[in-house]
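Enquirer: Last residue of the sequence shown: 1203 (the numbering used here), numbering continuous.
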Amino acid sequence: MKVYNTLSGRKEEFVPIEEGKVKMYVCGPTVYNLIHIGNARPMIVFDTVRRYMEHKGLEVNYVSNFTDVDDKIIKAAIEEGVDSSVISERYIEECKKDMAAMNVKPATTHPKATEEIDGMIAMIETLIEKGHAYKAADGTVYFRTRSFKPYGKLSHKNIDDLEGGHRAEAHALLVTGEDQKEDPLDFVLWKPKKDGEPYWVSPWCEGRPGWHIECSVMSKKYLGDSIDIHAGGEDLVFPHHENEIAQSEAANGQEFSKYWMHNAFLNIDGRKMSKSLGNFKTVRGISEHYDLQVLRFFMLSAHYRSQLNFSADLMEAAKNSLDRIITAVDNLKFLVSNAKEEGLLAGEDAVISEAKAFVTKFDEAMDDDFNTADAISTIFELVKFANTKLSGENSKACLKAVLDEIIELSDILGLIVNKEEEMLDADIEALIEERQQARKDKNFARADEIRDELLAKGIVLKDTREGVKWSRS
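1) Are the beta-carbon atoms belonging to Glu927 and Ile822 less than 8 angstroms from one another?
2) Taking the alpha carbon of Trp920 as the reference point, which residue from Pro933, Pro914 and Asp909 has its own alpha carbon closest?
3) Please go through the same chain and pick out, in chain order, the residues whose beta-carbon is closer than 6 angstroms to the beta-carbon of Ala900, but skip the five residues on each side of it.
4) Just to check my reading of the structure: Ile1082 and Ala1116 have Cβ atoms closer than 8 angstroms, yes? What is that Cβ distance to the nearest angstrom?
5) Can you tell me whether Thr736 is buried or exposed, with buried defined as 16 or more other CB within 10 angstroms of its CB?
6) So, is Val1113 buried or exposed, given that buried needs 16 or more other C-beta atoms within 10 angstroms?
7) Count the other C-beta atoms from every protein chain shown that fall within 10 angstroms of the C-beta of Ile808, then say buried if there are 16 or more, exposed otherwise.
8) Rounding to the nearest angstrom, what Cα-Cα distance links Met754 and Lys1187 in this structure?
9) In three-state DSSP terms, what is Pro914?
10) How is Leu1065 classed by DSSP in three states: helix, strand or coil?
11) Just to confirm before moving on: does the CB-CB distance between Ser794 and Ala831 stay below 8 angstroms?
12) Please state whether DSSP places Pro933 in a helix, a strand or coil.
13) Have a look at the DSSP bridge pairing and note the partners of Trp920.
14) Out of curiosity, what's the CA-to-CA distance linking Phe796 and Phe986?
15) Take the Cβ of Asn1101 as the centre, count every other Cβ of all protein chains shown within 10 Å, and call the residue buried at 16 or more, exposed below.
16) Do you know how far the Cα of Phe1174 is from the Cα of Ala1168?
17) Report the residue from Ser1107, Glu1159 and Ile1016 whose alpha carbon sits nearest the alpha carbon of Ser1204.
18) Along the chain, where does the alpha helix (DSSP H) that runs through Gly787 open and close?
19) For Thr1118, is the classification buried or exposed, using 16 other Cβ atoms within 10 angstroms of its Cβ as the cut-off for buried?
20) Looking at the structure shown, is Glu819 part of a helix, part of a strand, or coil, going by DSSP?
21) Over what stretch of residues does the alpha helix (DSSP H) that includes Leu1259 continue unbroken?
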């Protein structure tokens, strides 16, 4: 299995630190609003990496955090007049719903930054003791960027170029407070509180951690000082992941992560997604028009390191393509249920053998840096094989062998192609009525359960002034 390692800039054979086990950390979202489709790409991509590794028999300890203390969360809390924890907890739950609808498996551990403050303080103390960090007059603690000699090894940036040119990429390091820094490139580990902000008591001041230290500490606590894979979007390479390496390796004295994986950007209709351009798309918004399995299929239809362009036309194409696989599965299920012969007929050994060749081809694609685009193409080849080579004349055993193969390969990609029967309208209406009653009775837990149950079955509810409206996604 080959993995493209951002650190080396080339594909490398994947060899875990501990045989048969993989320690993997994926940077999660900052929870101040509903997640957008840019957040969805790494969630889907690295969930698929995990699924394939588990398919290969590896035990994956998968950690993905929630950043639940941040300027945007605080701003949203002030606007609503609530504690910042109300905002973060609300959107953690909403994020989990969207992840479930995209068939993203829950992480082995989903740590929250606010629950790991003691570990952050301890790591900062270690960095100060080792001379890699220092306290400024106002209580801010900075990392001495130049004290870590290999700084820039992940992003392949030269530290002297960053300071000398003050180029755009240096801006992320040249933050406010330069007057009290020893060096303009030093970055924040701990900062003093401002009025109305959440804070924690530390040896330096009442305040909160910098963003970069959070992931270093959560990775260390749940996976250890050295891990196999650290992953996220390519926008995190610099400065976030570069700074994580600096502080983790300076504190722990050993290599932080053996492999670094990054997915490419997602554009909307050929342009970068932003609220100012009016092309900001949330996963929840997409779910009002499509089953989120379509979004997952769309994300996997390109290699994760290729820039991906989102558009209505491409989503329609993804829906039609996914429907082709689902239709083939339905046809095979029908043939299986009506097959006359149970056991294999003469010559069917060769048919099954030919079908198994597609499994080998699928694995070859995934072993080549998780090439999901080629893996999906192989599933389509298998579907074409089933459509042209199998009929009602085949035995149940032969039909089921090919059916199971299509379902299994799709499942490795997290694509649910073995659909249950659609809910009847009357059943949906009955559940909506039960939900309305639960809300009247202030049984909000049950009301939420019903909403989630319907969402999992592709039924989207919309509360309006005229009442509850529903649609099939």
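Ideal Cβ positions, reconstructed from N, Cα and C, are used throughout, including at glycine.
Expert: Answer, in terms of the structure:
1) No, these two residues do not count as a Cβ contact at 8 angstroms.
2) Answer by Cα proximity: Pro933.
3) In this prediction, Ala900 has a pLDDT of 48, which is less than 50 and means its spatial position is unreliable; what the coordinates show is noted afterwards. Hits under 6 angstroms: Leu892.
4) Contact flag wrong, Cβ pair sits at about 12 angstroms.
5) Thr736 is classed as buried because its beta carbon has at least 16 other beta carbons within 10 Å across all chains shown.
6) Only buried fits Val1113, as 16 or more other CB atoms lie within 10 angstroms of its CB.
7) The residue in question, Ile808, is exposed, as its Cβ has fewer than 16 Cβ neighbours within 10 Å.
8) When rounded, the distance between both Cα atoms is 30 angstroms.
9) In this structure, Pro914 counts as coil in the three-state DSSP scheme.
10) In the three-state reduction of the DSSP assignment, Leu1065 falls in the helix class.
11) No, they are not a contact pair.
12) Shown here, Pro933 sits in coil according to DSSP, grouped into three states, outside any helix or strand.
13) Trp920 pairs with Val871 and Pro939.
14) The C-alpha of Phe986 is placed about 20 angstroms away from the C-alpha of Phe796.
15) Residue burial is scored here from C-beta neighbours: Asn1101 has at least 16 other C-beta atoms within 10 angstroms and is therefore classed as buried.
16) Near 7 angstroms, if we compare the C-alpha coordinates of Phe1174 and Ala1168.
17) No statement about residue 1204 is possible, as the shown extent of the chain runs from 731 to 1203 and does not include it.
18) From DSSP, Gly787 is part of no alpha helix (DSSP H); its letter is neither H nor E.
19) So Thr1118 counts as exposed.
20) Assignment of Glu819 by DSSP, reduced to helix, strand and coil, places it in the helix class.
21) The first residue shown for the chain is 731 and the last is 1203, placing residue 1259 beyond what the model contains.
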